[in-house]
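Written out below as structure tokens is the structure these notes cover.
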Amino acid sequence: MIADSPPSKTYRPADVCRALLAALDAADGRRKSRKRDQTPDAIGLALKREILEQVIQENPDAHSFEAWLLNYSQSRQSSGAVAAMARAVLDEWRLAHAMGDFKAWLDRGAPSDDASAVSPTRAGEDSKN
32 MIADSPPSKT YRPADVCRAL LAALDAADGR RKSRKRDQTP DAIGLALKRE ILEQVIQENP
92 DAHSFEAWLL NYSQSRQSSG AVAAMARAVL DEWRLAHAMG DFKAWLDRGA PSDDASAVSP
152 TRAGEDSKN
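For the sequence shown, the numbering used here gives the first residue as 32, with consecutive numbering after it.
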């Protein structure tokens, strides 16, 4: 750790996950524009969305977040896939603490050109894919 760096603020996991949910919408927009089979992407994003929504609902403490994710992963079917997505959520939560620019981007609502490409009738498009 660099001695000159200011003490880092600890963000509530639910706050970071709320912003990550907005970023996930942008990723979903990019996914739908690809020409290849989207099934694996859709499954992974659905698992990640489920984890993010559960974190927001249960609002675990920052100090026990890693243990919360582990317990959540082990309590689900397809625990390997859920554990992989939980690890991604944990990595992004840690990144929000380590990289101020990433947290600032999340605080701005995770703006993305991909998000603006998603139309308001997204649900109707889902049935076509």
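C-beta: ideal position from N, C-alpha, C; glycine also.
For the segment 80-143, the full-length alpha helix (DSSP H) segments reaching 4 residues or more read 96-105, 110-129, 131-138 along the chain. Taken through DSSP and simplified to helix, strand or coil, T70 comes out as helix.
Put simply, the segment 133-142 does not touch the segment 98-109. Fewer than three CB pairs are less than 8 Å apart. Annotation for A112: I74, G75, L78 place their beta carbon closer than 8 Å to its own, counting only its chain and skipping 5 residues before and after. Going by C-alpha positions, Q105 is about 31 Å away from G131.
A residue is called buried once 16 or more other Cβ atoms fall within 10 Å of its Cβ, and P44 is buried on that count.
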